[in-house]
Structures are given as structure tokens and as C-alpha cells.
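Undergrad: If you're matching positions, the sequence shown starts at 0 in numbering that gives the first Met the number 0 and goes up one per residue. Structure incoming, see below.
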Amino acid sequence: MIRRIHLAAWAAFLITSIAIAGCGTRAKTDGEGTAVATPAGDPAHAASVNFKNVAAEVGIDFVHNTGAFGKKWLPETMGSGCAWIDYDSDGDPDALLLCGMDFSGHPTGRRQTCALYRNDGGKFVDVTREAGLDKPMYAMGATYGDYDSDGDPDVYITGLGPDRLYRNDGGHFVDVAKALGVDDPGFGSSASWFDPDKDGDLDLWSLNYVQWTPETDIFCSLDGTNKSYCTPEAYQGAAARFFVNDGGKFVDRTKEAGVLDPSGKALGLICFDFDGDGWDDVFVSNDTQPNFLYKNNGNGSFTEQGMIAGIAYDEAGRARGAMGVDIADYDGSGRPSLIIGNFSNEMLSLYHNEGSGFFIDAAPTSEVGHQSLLTLAFGTLFLDVNLDGLPDIFVANGHVENEIQKVQSRVSYAQPPHLFMGLGNGKFDDVVPTSDILREPMVARGAAYADYDGDGDLDILVTTNGGPAKLFRNDGADGKRSIRIHLVGGAGTNRDGFGAKVVLTAGGRTQTSWSRAGHSYCSQSENILTFGLGEAANADEIVVTWPSGKTSKLTNIAAGSKIVVKEAEAAPATAQAST
Numbered sequence: 000m001i002r003r004i005h006l007a008a009w010a011a012f013l014i015t016s017i018a019i020a021g022c023g024t025r026a027k028t029d030g031e032g033t034a035v036a037t038p039a040g041d042p043a044h045a046a047s048v049n050f051k052n053v054a055a056e057v058g059i060d061f062v063h064n065t066g067a068f069g070k071k072w073l074p075e076t077m078g079s080g081c082a083w084i085d086y087d088s089d090g091d092p093d094a095l096l097l098c099g100m101d102f103s104g105h106p107t108g109r110r111q112t113c114a115l116y117r118n119d120g121g122k123f124v125d126v127t128r129e130a131g132l133d134k135p136m137y138a139m140g141a142t143y144g145d146y147d148s149d150g151d152p153d154v155y156i157t158g159l160g161p162d163r164l165y166r167n168d169g170g171h172f173v174d175v176a177k178a179l180g181v182d183d184p185g186f187g188s189s190a191s192w193f194d195p196d197k198d199g200d201l202d203l204w205s206l207n208y209v210q211w212t213p214e215t216d217i218f219c220s221l222d223g224t225n226k227s228y229c230t231p232e233a234y235q236g237a238a239a240r241f242f243v244n245d246g247g248k249f250v251d252r253t254k255e256a257g258v259l260d261p262s263g264k265a266l267g268l269i270c271f272d273f274d275g276d277g278w279d280d281v282f283v284s285n286d287t288q289p290n291f292l293y294k295n296n297g298n299g300s301f302t303e304q305g306m307i308a309g310i311a312y313d314e315a316g317r318a319r320g321a322m323g324v325d326i327a328d329y330d331g332s333g334r335p336s337l338i339i340g341n342f343s344n345e346m347l348s349l350y351h352n353e354g355s356g357f358f359i360d361a362a363p364t365s366e367v368g369h370q371s372l373l374t375l376a377f378g379t380l381f382l383d384v385n386l387d388g389l390p391d392i393f394v395a396n397g398h399v400e401n402e403i404q405k406v407q408s409r410v411s412y413a414q415p416p417h418l419f420m421g422l423g424n425g426k427f428d429d430v431v432p433t434s435d436i437l438r439e440p441m442v443a444r445g446a447a448y449a450d451y452d453g454d455g456d457l458d459i460l461v462t463t464n465g466g467p468a469k470l471f472r473n474d475g476a477d478g479k480r481s482i483r484i485h486l487v488g489g490a491g492t493n494r495d496g497f498g499a500k501v502v503l504t505a506g507g508r509t510q511t512s513w514s515r516a517g518h519s520y521c522s523q524s525e526n527i528l529t530f531g532l533g534e535a536a537n538a539d540e541i542v543v544t545w546p547s548g549k550t551s552k553l554t555n556i557a558a559g560s561k562i563v564v565k566e567a568e569a570a571p572a573t574a575q576a577s578t
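This is the structure in C-alpha cells:
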């Protein structure tokens with residue numbers, strides 16, 4: 000992923016860097032080391048943000064193992080993701096943290112398995128062994144969903160293959176990947192459950208990064224002498240896999256669906272209905288290759304439309320080093336737009352959904368672009384941090400080359416995250432805390448959110464490459480409240496409700512969100528939708544449109560509520576839902 004910078008690009012980089020140096024922010028602390036930051040600019044746009052890293056305090060002592068032993072093999076720098084999953088169905092989100100392992104013949108003495116921490120009222124207990132997940136694996140990504148419709152979430156884990164499918168049998172997991180035909184042997188990255196054929200059960204899309212093995216590792220160098228981590232250009236790409244759920248077993252339909260493309264070097268994935276036709280499509284972010292956007296044709300096949308939609312390349316026609324991805328209706332249009340994390344010197348992508356299947360990158364003319372040029376983004380999330388009803392953007396940053404400053408003095412290996420606060424009208428302000436909490440540089444990778452402590456706002460779990468996990472507890476809602484919605488699909492929809500569209504109206508504002516599985520980078524957030532209500536005392540109306548076309552309508556729901564909406568109680572389908 001370290002690429003040479005041509006003279007013209009280098010000149011543009013220097014000019015932009017000078018501009019960035021002049022963009023200041025104001026921040027302060029509360030005297031106890033907790034970040035309390037306000038963005039620079041119009042005081043009317045100032046937003047209180049209050050996070051505290053409580054991982055050690057609540058019992059999460061996970062440390063990621065890269066397996067590194069001095070050879071700088073490519074997987075060592077890619078890190079792993081994380082997921083919030085209520086594996087025991089007690090109503091509290093539990094934390095799943097993914098880990099690498101030692102390479103054969105090179106012991107490090109560090110952790111060899113993933114870690115599952117059970118949430119016991121806001122404190123966490125490591126239950127990896129008793130849950131059956133204490134199996135060594137060089138893991139990368141995770142996605143969960145109830146593929147067998149038995150009422151509990153099952154977990155698919157990718158990595159240096161074969162991949163694993165852990166069926167959840169009442170809180171204990173059994174690996175059934177080989178038996179069910181989803182034990183892909185590649186270099187897996189992100190994955191996601193979804194229901195593209197709307198038959199009521201979950202299918203699986205799993206990405207592969209590049210073709211790499213210890214035997215085929217290539218010598219790359221920044222200075223011509225010492226080995227460095229290679230760019231993905233040094234390796235051939237690898238095709239994703241599309242597995243269709245056929246009565247609890249899976250069939251590889253990658254070729255038949257028209258998505259067998261080995262040119263991709265895929266890291267980020269999200270399944271969502273980008274064009275509002277009622278069928279979930281697939282976006283894939285590729286590293287140094289054009290991004291893919293697979294339109295669902297509604298007949299079991301997909302058509303790649305990334306370039307037509309305007310999201311394959313940057314505004315100069317160049318493929319970027321794309322990693323994490325998420326969606327949100329950040330401007331109140333009712334349509335899902337994309338945020339994509341990219342390599343350093345490339346800035347984030349904020350693709351606004353214009354309708355009619357086309358996107359325009361709003362980042363270059365916004366704070367999102369200006370402030371993200373020097374950082375390398377992995378975990379990328381839309382979430383409402385301060386519950387004001389406006390989506391914010393959190394980005395977990397960290398470089399892949401620990402000696403990057405030798406060749407680019409303004410780019411660091413460990414980097415602080417970004418937190419862009421939504422201001423409305425599609426605008427954002429960058430909040431840069433000055434304390435050691437959010438401003439602390441990290442070599443971050445995965446990121447996922449959940450309300451782990453039950454106070455109604457969203458907390459953020461972050462993994463670091465070769466370092467400890469971070470749990471950023473959110474204490475900044477400042478009296479604002481939310482409504483949290485748990486969807487339960489019925490006979491016409493997958494049990495998780497993935498693909499459902501939820502529209503909430505409160506305080507004169509209409510918010511739209513979509514239930515989805517894997518997103519960010521190799522990660523998945525909790526399967527509950529959180530809507531910030533700001534100062535509103537209740538939501539006037541909530542409308543859920545299920546993939547089956549049925550609708551559920553609720554009115555006058557009090558702020559602070561956590562509700563379960565069941566498709567079984569929904570009204571029959573009428574007209575096709577659209578955005």
C-alpha cells in the first residue's frame with residue numbers, strides 16, 4: 000500500500016498540507032483527562048464531545064497479535080476487525096475481537112485466537128473458551144446473522160483461510176464452515192450477511208484481498224536495501240465469494256451471479272439498496288483498484304456499475320487505496336450516501352447519492368476532505384454521537400508502514416482518529432480533542448459501535464494493529480435522548496431484518512436509516528438502529544418498510560425507548576418501497 004508519489008502529485012500534496020496547517024481547532028479537557036472538544040469555526044456549530052477509553056476499567060484486556068517476526072509479511076500490517084454481537088440473547092451487546100496468530104515456526108508467545116467478552120451489566124468477562132471460539136486462526140473480519148433462523152446470531156470469520164462459520168447453539172459455537180461449503184481458503188477480509196433474493200434466509204458475500212502465502216511473499220523496499228511492507232500492486236488480486244443459502248447449506252454462486260472478478264483487492268464491503276428499487280446491492284472498496292458497485296438485478300445476478308455510478312475512481316480518474324465503508328442519509332434526502340476510508344494523501348470519500356444511480360464526491364470541498372488528507376483510514380462509521388438527529392463520522396486511522404516518516408515526514412505511523420460532527424445541510428465540522436483520549440495516536444484498524452452500557456448513546460470499540468483494543472465510552476449526549484429499534488423479521492424477511500428501511504419523524508426532522516450487517520473495516524456494529532431525538536420528547540412516527548414490502552407503523556414513541564418491531568405484526572405489502 001506504500002506507493003510512489005509522482006512530482007505533480009507531490010506538489011499538490013504540499014500545497015494541500017500548507018492549507019491544512021492553517022485549519023485550526025479549539026479543544027479543552029474537563030480536568031480529568033476526558034476529551035471535551037469543540038470544533039473551530041462558527042460557535043453556533045460547536046458540539047460537545049465526551050469520550051473516555053474504559054477498556055481496562057470494564058475488563059477488556061485484549062491485545063492483537065500480528066505474528067510479526069521481522070520479515071514484514073503483508074498480513075502483519077492489515078490488523079483485524081471487531082464486532083458487537085449479543086451472542087447469548089440477553090439484550091446486552093457482547094464484544095468480539097479478532098486476532099492474528101503466530102506464523103509456523105516463529106512463536107511470539109502472544110494470543111493465537113479471537114476473544115469473546117460477555118457483557119455483564121457493563122462489565123466484561125472473557126468467555127472465549129466456554130463459547131467454543133478458542134481455535135487458533137489468523138483472523139481478519141467478522142459478520143454475524145441468524146443464517147439458520149433459530150433465534151441466535153451465527154458468526155462468519157474471515158482471514159488467512161480457511162474461513163470459519165460458527166453456528167451458535169444457545170451460546171456455544173460450532174464450526175460448520177466445511178460441512179456447509181463456506182470454508183474459503185483465500186486471504187479473506189470483510190464479509191457480510193444479506194438477503195439479496197428476498198427469500199427470507201441469509202446469503203453471504205465474503206471478500207478476498209490478494210493472492211499471498213508465506214512461500215510467495217515478495218521483497219519490497221523503501222530505500223532499496225531494507226525490506227518494507229509491499230504495496231498491493233506487488234500481488235495479484237483475488238475474487239470475492241457469493242454463497243447462496245439453500246435450506247441451511249450454501250452453494251457458491253459467484254460465477255453464475257456474474258461477480259467472479261479476480262482483479263479486485265477488496266477490503267471494505269456493505270450491502271444496501273443504493274437505487275431504491277427494493278433489492279439490496281453490494282459495494283466493495285478496493286485497494287489500488289477501482290471500487291465495485293454491484294447492482295442487484297432481482298434474478299440472482301448482479302451487474303457491476305461502479306464507474307457508471309461515479310464511485311470507481313477519484314475525481315482525477317485514479318483508483319484509490321480504499322478500506323472501510325459505511326452508509327447514511329447524512330443530508331436528509333432519504334437516500335443512502337457513502338463514506339469510504341482511503342490511503343494517506345488521498346483523503347476520505349464522501350459520496351453523496353444524487354438519485355438515479357449516481358454519486359458525487361463531496362469530500363474535496365468539505366472539512367471531511369481537507370482534514371483527512373494526511374491520515375490513512377481503516378474503520379469508518381456513520382453514527383449519531385451526540386444524539387442531535389444528525390449523522391456524524393468516526394474514522395479509525397493508522398498507517399501500514401512503521402517507517403513511513405523516513406520517506407514522508409508529515410505522515411505518521413500511529414495517528415489519532417477523526418470525528419466529524421454533522422451540522423445539517425450536508426456539512427461537517429472536524430472535532431480534534433487535545434487530551435490523551437481521542438487525540439492519542441493509534442495504529443487503528445477495525446471500529447464498531449454499540450450502546451454497551453444501556454444509557455441510550457453509542458460507544459465505539461476500536462482494534463489496533465499489534466496493540467490493545469480501545470473502548471470509547473460516550474458520555475457526551477448532554478441530556479439528549481434516543482429511540483433504539485430492534486427489528487425482528489417474520490416469514491417474509493430474514494430474521495435479523497437486514498435490508499429493512501426505517502423512517503423516523505421527530506421534532507420537525509425526518510431521519511432515514513437501513514438495517515445492515517458487515518460494514519466499517521472487517522467489522523460489524525450492533526444489530527439495533529439508534530435515532531437521536533435531540534430535544535424532542537417523542538417520535539411522532541416511525542415507519543419500517545421490510546424487504547418483503549410489508550410496513551410497520553408506530554406513533555408517539557417516547558424518547559429514551561428501546562422497542563422491538565416485528566414483521567409478523569406488519570401491514571401487508573402494497574406498493575414497492577423506494578427511497
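Every residue gets a Cβ at the ideal spot worked out from N, C-alpha and C, and that includes glycine.
1. Tell me which residue opens and which closes the alpha helix (DSSP H) that residue 179 is part of.
2. Evaluate contact between the region 395-410 and the region 370-385, counting only Cβ atoms and requiring at least three cross-stretch pairs below 8 Å.
3. How many angstroms separate the CA atom of residue 510 from the CA atom of residue 436?
4. Report the three-state DSSP secondary structure of residue 351 (helix, strand or coil).
5. Name the DSSP beta bridge partners of residue 441, please?
6. Would you say residue 357 touches the ligand FAD, meaning its beta carbon is less than 8 Å from a heavy atom?
7. Rank 198, 253 and 197 by C-alpha distance to the C-alpha of residue 205 and give the top, closest one.
8. Whole angstroms are fine: how far does the CA of residue 556 sit from the CA of residue 409?
9. Measure from the alpha carbon of residue 548 to the alpha carbon of each residue in 226, 234 and 276, then state which is nearest.
10. Give the list of continuous beta strand (DSSP E) stretches no shorter than 3 residues that lie fully inside the region 41-80.
11. With which residues is residue 344 paired in a DSSP beta bridge?
12. Please state the DSSP three-state secondary structure of residue 36.
13. List the endpoints of the continuous alpha helix (DSSP H) containing residue 114.
14. For residue 405, which residues does DSSP report across the bridge?
15. Is it the case that the Cβ atoms of residue 143 and residue 192 are separated by a distance below 9 Å?
16. Does the region 302-310 come within contact of the region 342-360, defined as at least 3 CB pairs closer than 8 Å?
17. Going by beta-carbon coordinates alone, are residue 242 and residue 279 separated by less than 9 Å?
18. Which residue's Cα is closest to the Cα of residue 368: 384, 348, 386 and 352?
19. My assumption, with CB atoms under 8 Å, is that residue 415 sits in contact with residue 439. Please give the rounded CB distance.
20. If I follow the unbroken beta strand (DSSP E) through residue 394, where does it start and stop?
21. How big is the Cα-Cα spacing for residue 190 and residue 155?
22. For residue 55 and residue 79, I'd like the C-alpha separation in whole angstroms.
23. Starting from residue 367 and walking both ways along the beta strand (DSSP E), at which residues does that stretch end?
24. From the DSSP output, which residues share a beta bridge with residue 83?
25. Run the CB neighbour count on residue 335, radius 10 Å, all protein chains shown included, and call it buried at 16 or more, exposed below.
26. To the nearest angstrom, how far is the alpha carbon of residue 195 from that of residue 560?
27. Pick helix, strand or coil for residue 540, following the three-state DSSP scheme.
28. Would you say residue 491 and residue 515 are within 9 Å of each other, going by their C-beta atoms?
29. Could you check if residue 568 is buried or exposed, using at least 16 other CB atoms within 10 Å of its CB as the buried criterion?
30. In this structure, how does DSSP classify residue 267 when only helix, strand and coil are distinguished?
31. Let me confirm a value: residue 35 is counted as buried when at least 16 other C-beta atoms fall within 10 Å, else exposed. Which label applies?
32. Sorted by chain position, which residues of the same chain lie with C-beta nearer than 6 Å to residue 282's C-beta, five sequence neighbours on each side aside?
33. Helix, strand or coil for residue 30? Go by DSSP, reduced to three states.
34. What separation, rounded to the nearest whole angstrom, lies between the Cα atoms of residue 418 and residue 286?
TA: On the basis of the supplied data:
1. Residue 179 -> alpha helix (DSSP H) spans 176-179.
2. Flag = yes, the region 395-410 and the region 370-385 touch.
3. Residue 510 and residue 436: Cα-Cα distance of roughly 30 Å.
4. DSSP, read as helix, strand or coil, puts residue 351 in strand.
5. Note: residue 441 sits in a beta bridge opposite 414.
6. The model on display carries no ligand, and the ligand FAD is accordingly not part of it.
7. Looking at the Cα atoms, 253 is the closest of the given residues.
8. Cα-Cα distance, rounded: 50 Å.
9. Here the closest residue by C-alpha is 276.
10. Within the region 41-80, the complete beta strand (DSSP E) segments at least 3 residues long are 49-52, listed from N- to C-terminus.
11. According to DSSP, residue 344 bridges with nothing at all.
12. With a pLDDT of only 33 at residue 36, under 50, the local geometry of the prediction cannot be trusted, and the value read off the model is given with reservation. Three-state DSSP puts residue 36 in a strand.
13. Looking at the DSSP string, residue 114 is not in any alpha helix (DSSP H); the run it does join, the beta strand (DSSP E), is 114-119.
14. DSSP, once it has assigned bridges, lists no residue as partnering residue 405.
15. Yes.
16. Yes: at least three Cβ pairs fall under 8 Å.
17. Residue 242 is not a Cβ neighbour of residue 279, given a cutoff of 9 Å.
18. Nearest of 384, 348, 386 and 352 to residue 368, Cα basis: 348.
19. The pair is a contact, with the Cβ atoms about 6 Å apart (cut-off 8 Å).
20. In the DSSP assignment, residue 394 falls within the unbroken beta strand (DSSP E) covering 391-396.
21. Roughly 8 Å separates the two Cα atoms.
22. Our two residues, residue 55 and residue 79, have alpha carbons roughly 20 Å apart in a direct line.
23. Counted as a single uninterrupted DSSP element, the stretch harbouring residue 367 is not any beta strand (DSSP E) but the alpha helix (DSSP H) occupying residues 366-369.
24. Paired residues: 94.
25. Counting Cβ neighbours within 10 Å, residue 335 comes out buried, since at least 16 surround it.
26. When the Cα atoms are used, residue 195 and residue 560 turn out to be separated by approximately 31 Å.
27. Note: residue 540 maps to strand in three-state DSSP.
28. No, the Cβ-Cβ distance between residue 491 and residue 515 is not below 9 Å.
29. Per the 10 Å Cβ criterion, exposed.
30. Three-state DSSP puts residue 267 in a strand.
31. Low per-residue confidence applies at residue 35: pLDDT is 33, beneath 50, and the placement is therefore not dependable enough to give any value.
32. Its chain contains 269 and 292 as the residues whose beta carbon lies nearer than 6 Å to that of residue 282, once the 5 sequence neighbours on both sides are disregarded; these appear in chain order.
33. With a pLDDT of 32 at residue 30, under the threshold of 50, the modelled position of that residue is not reliable, and no figure is offered here.
34. Cα to Cα, residue 418 sits roughly 23 Å from residue 286.
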